[in-house]
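Undergrad: Each step along the sequence shown adds one to the number in numbering that gives the first Met the number 0, with nothing skipped, and position 18 is 17.
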Amino acid sequence: MTHIHNYHPETGEFVHTSNARQNPLEPDKVLVPQHATTLKPPAIKEGFARVFTGTQWKEVPDHRGETWFDLERNPVVIKQLGSPVEKDLIAELPPVPLADLKLDAIQSVLAEADRLAAQFVAGYTEAEQSTFVKRENEARAIQSGAILPKDATYLMKLAGGDAALVAGLKDVILSRSDLFEDVTVAVTHMRQQAQERIEAASDADALAEVLNALKQQAVETAAGLLARKAALDNG
Numbered sequence: 000m001t002h003i004h005n006y007h008p009e010t011g012e013f014v015h016t017s018n019a020r021q022n023p024l025e026p027d028k029v030l031v032p033q034h035a036t037t038l039k040p041p042a043i044k045e046g047f048a049r050v051f052t053g054t055q056w057k058e059v060p061d062h063r064g065e066t067w068f069d070l071e072r073n074p075v076v077i078k079q080l081g082s083p084v085e086k087d088l089i090a091e092l093p094p095v096p097l098a099d100l101k102l103d104a105i106q107s108v109l110a111e112a113d114r115l116a117a118q119f120v121a122g123y124t125e126a127e128q129s130t131f132v133k134r135e136n137e138a139r140a141i142q143s144g145a146i147l148p149k150d151a152t153y154l155m156k157l158a159g160g161d162a163a164l165v166a167g168l169k170d171v172i173l174s175r176s177d178l179f180e181d182v183t184v185a186v187t188h189m190r191q192q193a194q195e196r197i198e199a200a201s202d203a204d205a206l207a208e209v210l211n212a213l214k215q216q217a218v219e220t221a222a223g224l225l226a227r228k229a230a231l232d233n234g
């Protein structure tokens with residue numbers, strides 16, 4: 000018995016085989032409906048689809064459902080027949096160049112350092128921040144004996160004109176100033192150490208270890224500094 004082989008009207012992909020019906024007008028021939036052929040398709044081959052071109056069957060790569068990647072490293076789910084390679088797609092991402100990994104790592108640590116520094120000025124307005132130097136200068140002048148509390152113009156204003164309160168205010172200001180200085184030193188050290196240790200990493204695994212160590216160190220440093228800040232805030 001003659002068989003006909005049906006294929007998809009758009010892709011030409013083999014759909015199924017069925018028995019052919021005899022042509023009543025030409026008994027020695029069979030009826031071949033649209034999108035079908037009497038040409039036998041090749042055997043099933045893994046990774047390929049059987050596609051009828053109009054004159055013959057052709058084995059076409061079938062990667063539908065797979066995830067490949069474009070040149071920008073973005074994932075692309077394959078939805079059509081054909082070789083993804085012809086569309087500039089790759090099946091597996093190549094390793095990220097070590098130089099790029101190092102750049103990302105440095106940027107990550109620098110961002111963490113910025114977040115750490117930002118926590119110590121959070122809650123202060125720009126106007127208040129602009130007076131930090133003036134407050135510290137008067138506080139240190141009082142501490143050194145260069146001026147009396149009553150002569151500290153700005154601190155007297157903050158203390159409501161009460162010279163007795165200026166002494167206590169001076170201690171708080173100096174403690175905060177020392178904390179800010181330690182934060183600056185810690186952030187600077189974090190940045191410098193990150194640059195040196197990350198650049199020294201010989202491969203991706205070594206870089207990952209360095210980055211984890213730097214992050215852990217940052218967490219511990221931040222915890223100590225924030226504890227001091229909390230003590231000052233609640234004092």
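For glycine and all other residues, C-beta sits at the position ideal for the given N, C-alpha and C.
Could you pull out every unbroken alpha helix (DSSP H) segment of at least 4 residues lying fully inside the region 60-146, listed in chain order?
TA: Counting whole runs of 4 or more residues, the region 60-146 contains the alpha helix (DSSP H) stretches 97-117, 125-128 and 131-143.
Undergrad: Give me the Cα-Cα distance between N73 and G46, rounded to the nearest whole angstrom.
TA: Whole-angstrom Cα-Cα distance: 23 Å.
Undergrad: State yes or no: is the C-beta of E12 within less than 7 Å of the C-beta of A48?
TA: Cβ distance < 7 Å, so E12 and A48 count as in contact.
Undergrad: Under the assumption that I77 contacts R63 (Cβ atoms under 8 Å), give the Cβ distance between them as a whole number of angstroms.
TA: Indeed, because the Cβ distance is near 5 Å, the residues count as touching under 8 Å.
Undergrad: Quick one: residues in its chain with C-beta nearer than 8 Å to the C-beta of R175, no 5 flanking neighbours on either side, listed in chain order?
TA: So the list reads L231, once near-sequence residues are dropped.
Undergrad: Contact between the region 151-165 and the region 131-140: three or more CB pairs below 8 Å?
TA: As far as the Cβ criterion goes, the region 151-165 touches the region 131-140, which means the pair count is three or higher.
Undergrad: According to DSSP, is I172 part of a helix, a strand, or is it coil?
TA: Here I172 sits in helix by DSSP.
Undergrad: Does the region 140-149 come close enough to the region 162-170 that 3 or more CB-CB pairs lie under 8 Å?
TA: As far as the Cβ criterion goes, the region 162-170 touches the region 140-149, which means the pair count is three or higher.
Undergrad: Under a three-way DSSP split, which group does Q21 fall into?
TA: Note: Q21 maps to strand in three-state DSSP.
Undergrad: So what does DSSP say about V186, is it helix, strand or coil?
TA: Three-state result, V186: helix.
Undergrad: Is there contact here, the region 107-122 with the region 76-93, by at least three beta-carbon pairs under 8 Å?
TA: No: the two stretches stay apart, fewer than three of their Cβ pairs being nearer than 8 Å.
Undergrad: Are P148 and V165 touching if we call contact CB-CB under 7 Å?
TA: Taking 7 Å as the Cβ cut-off, P148 and V165 qualify as a contacting pair.
Undergrad: According to DSSP, simplified to helix, strand and coil, what is E208?
TA: Here E208 sits in helix by DSSP.
Undergrad: State the DSSP-derived secondary structure class of E9, mapped to helix, strand or coil.
TA: Looking at E9 - three-state DSSP - the assignment turns out to be coil, as it is neither helix nor strand.
Undergrad: Could you pull out every residue in the same chain whose Cβ sits closer than 8 Å to the Cβ of P94, ignoring the five residues on either side in sequence?
TA: Answer for P94: A203, listed in chain order.
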